[in-house]
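Participant:
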Amino acid sequence: NSTNIGEIIKSTRGKDLLLFSNFTYRKVHESKNTSVRWRCTVRTCTAKVYTSIENIVEIVEIVNEHNGHDQPSIDRKMFSNGCKRKAVENLYTKPSKILRTEISENISNLQTITTDDISLVRRNIYNARRKMVPPLPKTMEELQNSISNLNLKTDLNEQFLLINDPNCHIIIFSCDTNLKVLCESEIIYMDGTFEYCPKLFTQLFSLHGLCNDHYIPLLFALLPDKKTSTYVNLFKNIIHLCNARELSLKPNLFISDFEEAIHVALRQVWDDTKIFGCRFHLTQSWYRKIQELGLSNVYQNNKTEESKWLNHTFGLPFISPNEVSNCFIEDFMSSIPNDIRFQKYADYLVDTYICEEAKFPPIIWAANIASLSLTTNACESYHSRFNSEFYHPHPTIYHFLDVLNGFQTETLIKIKSIHLKKRNSTKNKIRLETFQQIYEDYRQNKIDRKGLVSSLSYKYKKNVSKLSIISS
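Position 266 of the sequence shown, counting from 1, maps to 266 under the UniProt record's numbering, and the rest follow consecutively.
This is how it looks when you write it as structure tokens:
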């Protein structure tokens with residue numbers, strides 16, 4: 001009979017209590033062959049129950065009625081134990097979600113719960129979880145040793161921790177299946193995320209492959225800094241991992257943001273592979289310069305000649321790299337507005353992106369091709385989803401690894417789907433067709449070079465509110 005079955009819960013001190021008919025009992029005696037005697041936890045109450053020795057939650061006898069009880073304390077104990085049970089069963093679910101779930105499931109029994117009770121239960125959740133996970137490592141050495149001892153495996157039982165370098169402090173997560181797809185990828189995208197990287201590390205750096213129009217996250221690395229030497233060591237380690245499996249990592253193209261250390265490291269390790277800077281990050285940098293110079297209102301106007309001049313510079317990434325310099329001199333400098341801020345913006349573009357000695361010359365960011373694959377937006381989207389799994393920045397290494405392993409499961413599903421033709425969204429399809437039509441008009445001399453640049457310049461139009469969110 002289910003009405004005669006209780007439930008074992010924990011006291012605030014971690015002791016076993018018996019919960020039955022909304023009352024809690026503490027164990028007072030256990031006979032060897034017959035039963036277990038429990039007494040009400042309220043000291044002034046004389047109520048007792050006996051449970052079976054074979055089934056400790058089966059009630060076999062009830063003695064005395066309850067008296068002198070405080071119902072709110074019973075409600076609090078039930079609420080707290082329900083939350084702690086969920087917290088231990090799902091170690092990395094946000095406490096706020098656990099609290100909401102428990103309240104919604106037991107709303108009729110929680111009429112006496114107050115905001116003070118919520119705060120106490122939240123603390124109980126953290127305390128319950130703290131007992132379930134190993135002590136957090138305090139040094140890099142402790143952290144790397146802890147990771148080595150975990151024996152991380154994927155759902156296919158492949159080793160997931162491939163490199164744990166104690167000298168360079170580089171940790172690489174991937175597997176044989178991922179590396180095979182990485183080496184088959186036509187384009188490799190790379191990007192880092194910083195805020196939700198575990199403590200003691202600077203960033204989580206990921207490599208994504210493009211296979212049959214599928215963007216797939218394939219390799220993840222925890223890095224201690226953003227130095228060129230660190231990226232060089234990372235890339236050499238990746239090559240070593242591939243070579244050890246008789247694989248060759250020589251993609252047609254690498255796409256990354258405009259972090260100089262990454263570009264230098266890529267050229268050192270793969271001197272014959274093309275590197276392309278993400279168009280989104282490029283135009284984002286240009287717009288930040290516009291903001292810095294106090295020209296964002298002019299840029300957003302869209303109606304004045306000054307606004308058009310600024311906006312049209314964003315079309316430069318869509319022409320051939322050997323045309324960029326002439327285009328800027330002939331089509332832009334000849335009509336630059338008479339304002340020192342515009343001259344400073346032009347100098348910034350020339351010095352950083354256009355002249356032969358520029359840090360990022362046109363060969364890195366300009367291409368007259370109709371493509372939606374020249375950004376790291378897929379990486380950005382992945383990192384955004386990854387970060388949303390945590391409820392505070394710089395999560396513990398154990399929470400981080402739990403989430404990373406979960407995303408690896410998704411990666412395996414994506415790999416199994418590579419052979420399927422990926423359907424483009426209607427929005428992307430229309431966008432690509434627009435690209436192609438503008439380029440076709442240019443090839444047929446229906447529009448000139450300035451017309452090409454101005455027509456494509458609005459494809460990465462910056463929104464002030466959205467960019468401020470990204471910047472923050």
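Even for Gly, the Cβ is constructed at its ideal location relative to N, Cα and C.
As the structure is a prediction and not an experimental result, all values here were calculated from the model.
What residues are listed by DSSP as bridge partners for Ile275?
Facilitator: Phe254
Participant: Does the beta-carbon distance from Thr177 to Leu156 come in below 9 Å?
Facilitator: yes
Participant: Can you check whether the C-beta of Thr51 is within less than 9 Å of a C-beta belonging to chain B?
Facilitator: Although the question refers to chain B, the structure presented lacks it and comprises just one protein chain.
Participant: Given a cut-off of 9 Å, decide if Leu18 and Lys27 are closer than it, judged by their beta-carbon atoms.
Facilitator: Yes; because the gap between Cβ atoms is below 9 Å, this pair is in contact.
Participant: Can you tell me whether Pro217 is buried or exposed, with buried defined as 16 or more other CB within 10 angstroms of its CB?
Facilitator: buried
Participant: Quick check on this structure: which residue in Glu184, Met333 and Thr283 has the alpha carbon closest to the alpha carbon of Ser248?
Facilitator: Ranking Glu184, Met333 and Thr283 by Cα distance to Ser248 puts Glu184 first.
Participant: Please determine, among Cys197, Arg245 and Val60, the residue with the shortest C-alpha to C-alpha distance to Gly6.
Facilitator: Val60
Participant: By DSSP, does Ile8 sit in helix, in strand, or in coil?
Facilitator: Strand.
Participant: Can you name, in chain order, every residue of its own chain whose Cβ lies under 7 Å from the Cβ of Ala221, other than the five neighbours on each side?
Facilitator: Here the set comprises Ile170, Ile171, Ile172, Phe205 and Leu234.
Participant: Can you say whether Thr154 is buried or exposed, counting buried as having 16 or more other CB atoms within 10 angstroms of its CB?
Facilitator: Buried, by the Cβ-count rule.
Participant: If contact is defined by three or more beta carbon pairs under 8 Å, each pair taking one atom from either stretch, is the segment 186-202 in contact with the segment 395-415?
Facilitator: yes
Participant: Quick check: the Cα distance between Asn417 and Thr352, rounded to an integer number of angstroms?
Facilitator: As written in the sequence, residue 417 is Ser, which differs from the Asn given in the question. The straight-line gap from Cα to Cα measures roughly 41 Å.
Participant: Pick from Leu456, Asn445, Gly315 and Ser96: whose alpha carbon is nearest that of Arg431?
Facilitator: Closest in alpha carbon position to Arg431, among Leu456, Asn445, Gly315 and Ser96, is Leu456.
Participant: What's the gap between the Cα of Tyr126 and the Cα of Cys168?
Facilitator: Whole-angstrom Cα-Cα distance: 34 Å.
Participant: Since Arg122 and Pro95 should fall inside the 8 Å C-beta cutoff, what is the C-beta to C-beta distance between them, to a whole number of angstroms?
Facilitator: 5 Å
Participant: Can you grab the Cα-Cα spacing for the pair Lys180 / Lys274, in whole Å?
Facilitator: 21 Å
Participant: Take the Cβ of Asn436 as the centre, count every other Cβ of all protein chains shown within 10 Å, and call the residue buried at 16 or more, exposed below.
Facilitator: Looking at the sequence shown, residue 436 is not Asn but Gln. Under this definition Gln436 is an exposed residue.
Participant: In the DSSP output, what is Ser52 paired with across the bridge?
Facilitator: Ser35
Participant: Are the Cβ atoms of Lys421 and Asn212 separated by less than 9 Å?
Facilitator: yes
Participant: Are there three or more Cβ pairs, one per stretch, closer than 8 Å when the segment 98-105 is compared with the segment 350-366?
Facilitator: Output reads no: the segment 350-366 does not touch the segment 98-105.
Participant: To the nearest angstrom, report how far apart His394 and Arg43 are at their CA atoms.
Facilitator: Approximately 45 Å, taken between the alpha carbons.
Participant: With DSSP collapsed to three states, give me the class of Ala366.
Facilitator: coil
Participant: Nearest CA to the CA of Gly315: which residue from Tyr458, Ser296 and Asp339?
Facilitator: Tyr458
Participant: Do the CB positions of Phe407 and Ala366 come within less than 9 Å of each other?
Facilitator: no
Participant: Locate the alpha helix (DSSP H) running through Pro321, then write down its first and last residues.
Facilitator: Pro321 to Cys327
Participant: Over what stretch of residues does the beta strand (DSSP E) that includes His29 continue unbroken?
Facilitator: Phe23 to Glu30
Participant: Which residue comes first and which comes last in the beta strand (DSSP E) that contains Ser206?
Facilitator: Gln203 to Cys211
Participant: Once the 5 residues before and after Ile336 are set aside, which same chain residues still bring their CB inside 8 Å of it?
Facilitator: Contacts found: Trp309, Phe342, Gln343 and Ala346.
Participant: Taking only the alpha-carbon atoms, compute the straight-line gap between Glu260 and Arg267 and give it to the nearest angstrom.
Facilitator: 11 Å
Participant: According to DSSP, is residue 473 helix, strand or coil?
Facilitator: With the chain covering only 1 through 472, there is no way to say anything about residue 473.
Participant: Looking at Ser11 and Val36, is the spacing between their C-beta atoms short of 9 Å?
Facilitator: Going by beta carbons, Val36 and Ser11 fall outside the 9 Å limit.
Participant: Should the segment 249-257 be called in touch with the segment 223-232, which here means at least 3 C-beta pairs below 8 Å?
Facilitator: no
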